[in-house]
Amino acid sequence: MEISNIFWNASLEELKSGYIQETGSFTCLLCGERIEKGIVYPYENRLYEAERYMRIHIENMHQSVFEYLLDMDKKLTGLTEHQKKLLSLFYQGKNDKEIQTELAIGSASTIRHHRFALKEKERQAKTFLAMMELLKEKDNFAPAFVPVHKTATMVDERYNITQDEHEQFVHKYFSEGILTRFPKKEKQRLVILSEISNHLKTDYNYDEQELNQILIGFYEDYVLIRRYLVEYGFLDRKSDGSSYWLKK
Numbered sequence: 001m002e003i004s005n006i007f008w009n010a011s012l013e014e015l016k017s018g019y020i021q022e023t024g025s026f027t028c029l030l031c032g033e034r035i036e037k038g039i040v041y042p043y044e045n046r047l048y049e050a051e052r053y054m055r056i057h058i059e060n061m062h063q064s065v066f067e068y069l070l071d072m073d074k075k076l077t078g079l080t081e082h083q084k085k086l087l088s089l090f091y092q093g094k095n096d097k098e099i100q101t102e103l104a105i106g107s108a109s110t111i112r113h114h115r116f117a118l119k120e121k122e123r124q125a126k127t128f129l130a131m132m133e134l135l136k137e138k139d140n141f142a143p144a145f146v147p148v149h150k151t152a153t154m155v156d157e158r159y160n161i162t163q164d165e166h167e168q169f170v171h172k173y174f175s176e177g178i179l180t181r182f183p184k185k186e187k188q189r190l191v192i193l194s195e196i197s198n199h200l201k202t203d204y205n206y207d208e209q210e211l212n213q214i215l216i217g218f219y220e221d222y223v224l225i226r227r228y229l230v231e232y233g234f235l236d237r238k239s240d241g242s243s244y245w246l247k248k
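Per full-length UniProt numbering, the sequence shown starts with residue 1, numbered consecutively.
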């Protein structure tokens with residue numbers, strides 16, 4: 001299953017921990033790394049069981065679940081840049097006076113007002129989440145939507161794609177794994193780019209020539225595909241184009 005599916009289907013407690021427990025392994029919700037159960041893992045001259053080693057993985061690779069979530073696109077978190085900055089400072093354990101001084105805004109009471117506003121947002125989110133969970137039990141006609149990939153650089157109506165539409169677009173534009181033409185509509189482009197990105201390795205750096213060889217296997221204009229994979233947030237790269245990798 002694609003990591004975005006696992007991420008968006010996780011419970012609140014699983015999202016807070018950053019991983020899910022499966023039959024024989026633990027899976028990182030942030031990058032898809034799997035740690036097998038029943039194996040002892042070495043780290044800095046000590047041995048750890050699988051679940052503890054997964055927590056070490058998250059600390060080393062992602063710093064913290066909080067910081068990873070905070071860095072997600074505004075459309076996925078609903079937070080403004082100012083709110084993100086405040087949350088980051090709160091998470092660092094700074095008091096209102098320290099935050100007011102660092103941000104050079106208002107007074108300590110202004111920071112307290114922001115804390116109250118964020119708590120209000122939390123209450124609203126809980127209420128809305130409860131309603132949506134109850135709605136699932138009654139809405140028999142809701143289509144299955146394709147989860148938005150977590151590294152999307154923009155989230156809007158282009159991501160309003162159902163599972164049925166996804167399958168239709170793949171069938172329409174691919175023939176025996178080869179892209180017959182690159183669609184003009186952005187919703188369809190997202191599906192095409194998602195399909196191609198699924199064939200790239202995670203935790204791997206491609207040099208430009210290696211990546212080009214893979215992409216040309218899908219479509220003759222590999223430069224176009226490469227550019228859109230970066231533009232839509234599937235790939236990241238060094239500024240000089242010497243290295244490309246799947247974003248997590």
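Note that the Cβ used here is the ideal one computed from N, Cα and C, for glycine as well.
Residue range 34-36 is occupied by the beta strand (DSSP E) that includes GLU36. Straight through space, the alpha carbons of LEU118 and THR127 are spaced by roughly 14 Å. Where ASP164 is concerned, the enclosing alpha helix (DSSP H) starts and stops at 163-173.
Taken atom to atom, the span from the alpha-carbon of LEU235 to that of LYS136 is near 34 Å.
Its chain contains ARG226, TYR244 as the residues whose beta carbon lies nearer than 7 Å to that of LEU211, once the 5 sequence neighbours on both sides are disregarded; these appear in chain order.
Straight-line spacing of the CA atoms in GLU231 and ARG115 works out to 35 Å. Listed in chain order, the non-local C-beta contacts of ASN45 below 6 Å within the same chain number zero, local neighbours out to five positions each way being set aside. Judged by their CB atoms, LEU193 and LEU224 are not nearer to each other than the 8 Å cut-off.
In the three-state DSSP reduction, LEU47 falls in the strand class (E or B). For THR101, same chain residues with a beta-carbon under 7 Å away, outside a window of 5 residues either side, do not exist.
DSSP, reduced to helix, strand and coil, places PHE7 within a helical segment of the structure shown. Of the residues assessed, HIS166 falls on the buried side of the cut-off, its CB having 16 or more other CB atoms within 10 angstroms.
By the beta-carbon neighbour count (other beta carbons within 10 angstroms, threshold 16), MET132 is exposed. Residue pairing by DSSP puts ILE20 in a beta bridge opposite THR27.
If you draw a straight line from the Cα of PHE7 to the Cα of CYS31, it comes to about 9 Å. Taking all protein chains shown into account, ILE178 has fewer than 16 neighbouring C-beta atoms within 10 Å of its C-beta and is therefore exposed. In this structure, the CA atom of SER88 is about 43 Å from the CA atom of TYR173. If you draw a 10 Å sphere on the C-beta of GLN209, you find fewer than 16 other C-beta atoms in it, and that means exposed. Between the alpha carbons of ARG158 and ILE196 lies a distance of about 18 Å.
Among the bridge pairs identified by DSSP, LEU246 is matched with LEU235.
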